[in-house]
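Note sheet for the following structure.
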Amino acid sequence: LAATQPSTNWHLKENAREHHTSKFSSEELIVRRGQVFTITFNGTEKPEQNLIFLAETGPKPSKATRTLATFGISSTVSKEGWSAVLQSTNSSSVSISISSPHNAVIGRYKLSVQIGSSPPASLGTFVLLFNPWSSGDDVFMPNKAECEEYVLEEFGIIFAGNKNRISGFGWNFGQFQGDILNICLSIMDRSLYYRQDPVTDVSHRHDPKYLGRVLSAMVNANDDQGVVLGNWSGKYEGGKNPSSWTGSGEILQSWKKSGFKPVKYGQCWVFAAVLTTVLRCLGIPTRTITNFSSAHDADGNLRVDEFYDADGNHLERGADSVWNFHVWNESWFTRNDLGPSYSGWQILDATPQEESGGIYQCGPASRHAIKEGDVDLDYDCPFVFAEVNADCMYWNYDSATGKKTLIFSKSTEIGDSISTKAVGRDDRVDVTRDYKYEEGSAKERDIFKKARKKLGLEDKFDPTAPTQEEIEQKPDISGKFKVAGSLEVGKDVNLLLVLENLQSDAKTVNVNMTAWSTLYTRRPVNEIWKDSLSVTLAPKEEKQFPIKIKYPEYQQQLTTDKTIQVTALCHVEDGIQVLVQRNITLDNPAIDIQVLGEAKVNKEVVVEVAFTNPINAEVKDCVLQVEGSDLLQGILELRIPPLKASEKSSTKFKLIPSEAGPKHLLVNFSCDKFADIKTFKMVNVIN
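Under this note's numbering, the first residue of the sequence shown is numbered 719, with each subsequent residue one higher.
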């Protein structure tokens, strides 16, 4: 009989190395399913007596829900269930190899042992995660470099800006830092699914499809007091501006510290980044994806309608919208519910845009299903298909009469330069071809028709749709905005409006122009500038009109997204109207990081951050925020004195790296005139 409570040696280092969990900083054993781990315990006087082990998880463990396993000693590892194999014994202790099934429920387990007829004695707890390195697991990823990137990498690059000017900023996912794993486990236990039926919820936690969907709901605060509260108003009092975050750790820790109150505030990339952290932490390979000119099709007709008044102002009318960019996630797992060709990358989106099944959650939608127009498959394929494929309709709306006139429609506008970070490099990879066939190709139009048919849109008369006659109208002139010079915050914006007469007779055109500051969702916030001109174009003539928007005109009005929408609505005498528009994203001034000397584990190294004030006015309220996994604990915040016009500031601080390898330092600089200037630097830490 066991004389005392057994004491357990979990062989933390060796097991973690075998299970790719060494990056967690935990005193608790963290292992992956479907793979053997070894423990040693004493307190067994006669180890050859029958040992029966119990592994249990969740509020009411039972064999029926696969949340309780009892298993004895066997001669070999079982492929099906839990098993234990005797490794070695001596007079006071016994070494056992335990393995879990490939489809075990993930989460925190209690492990006990029953020796002979005595009651079970607790050996302690361990955490079981998904295992992308194991070929039997639903999340198995055969390419090891991809496992490293999509599960173990704590640094990411999120792409933003607009399709004419793509920019990227660094993000610290930090899935292995401090208490993040425990926070991820508590996220699962706070979902609506768990609250409604904890036993069933826990029993589904073997399935990445299920968990991906549940977590896409929990990362936003809608419905369930989830992690991040969205705010697209342009006003962020009472919280942090979404563009000021540099990593997920601060957000997840704030959520826990506040007693699980939603963290203020997030926009799409924040939701996507936090979901990446949670899924990578649990062992599901995950990445962020940015879609440029992303459609939000609120009414499910695969069409987005935009409305403009006669002056060219973009009206907030109707629920459809086109965002400069939108960020979502792809996670890698099999779709045994749909069949093998739909396995691989699955789209999940935690940004609360539309309800699905009554709550704000989205996915998993198979990327292959999106490409092939199989919009009838689970989950939320029509919404995701529209994000990358919807047709755009631009209307002139007269508020006095309520009459709307089609200006033009475009089928190649939406879903541009779909981007993600490269594996093992800080570069952009374009994955547009994995979402759709080439724009303008016959195949792409066929898939669009197939999707419309599956959604029952082909046969229905749609009174809001433009007539064929309206669609086929040919304009007499064409127009475009060209950028002349650099687009930088603090400098004047110089553009050219280029108008061309396509006809062989002269045309008189009256042009109404506006410029509005917008959010990245193209939501108009403040009018910056307006003007009008009248011009006669000779047959086939092209004319250019310079436009200047001065810094003082836009400085107070600019949002932290630094985006301006310029519109020219051209009224052609005796012809149809022509809409010319351009979305501009201004660049912040640069900030420079230098590492002074060699970065070594546990040794101090000095870093210098330099910034030059580019405008001829003082900037004040300057704050520098620094973070980076394995380079410093938490977030370093430094206040910097005001800078006069053209003055350069240089700030030094010390790091003590805790681990060797390529690490990333992220810097965010803000002041009263420039919001959230971001940069990152790779620091190679040596032993």
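All C-beta atoms in this analysis are idealised placements derived from N, C-alpha and C, irrespective of residue type, glycine included.
query	result
Simplified DSSP assignment, three categories, for E732	helix
Alpha-carbon to alpha-carbon, N733 and L719	In this prediction, L719 scores a pLDDT of 43, lower than 50, which makes its location untrustworthy; no coordinate-derived value is stated.
Where L1205 falls: helix, strand or coil (DSSP)	coil
Presumed contact (8 Å Cβ cut-off) between V1284 and V1290, rounded CB distance	The Cβ separation is near 19 Å, so there is no contact.
Simplified DSSP state of S1235, which is helix, strand or coil	strand
C-alpha gap between C680 and S818, whole angstroms	In the structure as shown, the chain begins at 719 and stops at 1405. Residue 680 is therefore absent and cannot be evaluated.
Buried/exposed call for F1043, threshold 16 Cβ in 10 Å	buried
Cβ neighbour criterion (16 or more within 10 Å) applied to L1314	exposed
E1190 - DSSP class collapsed to helix/strand/coil	helix
Beta strand (DSSP E) segment containing N1212, residue limits	V1211 to N1219
For N1047, the first and last residue of its enclosing beta strand (DSSP E)	S1039 to F1051
Uninterrupted alpha helix (DSSP H) stretches inside the segment 1223-1280 (no shorter than 4 residues)	1269-1273
Every unbroken beta strand (DSSP E) within the segment 980-1036, with a cutoff of 3 residues, ordered by chain	981-984, 1004-1014 and 1021-1026
Three-state secondary structure (DSSP) of S934	helix
Beta-bridge pairing of V812 - partner residues as DSSP gives them	F759 and T807
Three-state class that DSSP yields for A863 in the structure shown	helix
E798 in three-state terms, based on DSSP	coil
Continuous beta strand (DSSP E) stretch holding Y1112: start and end	D1109 to D1116
Spatial neighbours of P850 in its chain, beta-carbon cut-off 7 Å, leaving aside the 5 residues before and after	V857, F858, M859, C865, V869, G1001 and P1003
V823 in three-state terms, based on DSSP	coil
Burial state of S1137, where buried means 16 or more other Cβ atoms lie within 10 Å	buried
Runs of alpha helix (DSSP H) lying entirely within the segment 1267-1354, each at least 4 residues, in chain order	1269-1273
Distance between T794 and F755 (C-alpha atoms, nearest Å)	14 Å
Contact between the segment 1315-1331 and the segment 1272-1282 (3+ Cβ pairs under 8 Å)	no
Alpha-carbon to alpha-carbon, W1234 and E968	33 Å
Touching by the beta-carbon criterion (3+ pairs, under 8 Å), the segment 1372-1385 and the segment 1346-1356	yes
The segment 898-912 contacting the segment 963-981, beta-carbon criterion three pairs below 8 Å	yes
Helix, strand or coil at D1094 [DSSP, three-state]	coil
N- and C-terminal bounds of the beta strand (DSSP E) containing Q1064	G1062 to L1066
Environment of A721 [buried if 16+ CB atoms lie within 10 Å]	With a pLDDT of only 48 at A721, under the threshold of 50, the placement of this residue in the model should not be trusted, and no figure is reported.
At least 3 beta-carbon pairs within less than 8 Å: the segment 992-1001 vs the segment 1018-1034	no
Closest by C-alpha distance to E1187, when choosing among L1124, I816 and E1259	L1124
Cβ pair S937, P960 closer than 8 Å	For the record, residue 937 in the displayed sequence is Val; it is not Ser. Against a cut-off of 8 Å, the Cβ pair of P960 and V937 comes out as no contact.
Exposure label - D1067; buried when at least 16 CB within 10 Å	buried
Exposure label - N1402; buried when at least 16 CB within 10 Å	exposed
Same chain only: Cβ atoms within 7 Å of V946, ignoring 5 sequence neighbours per side	V937, N938, A939, I969, P980, V981, G984, V988, F989 and V992
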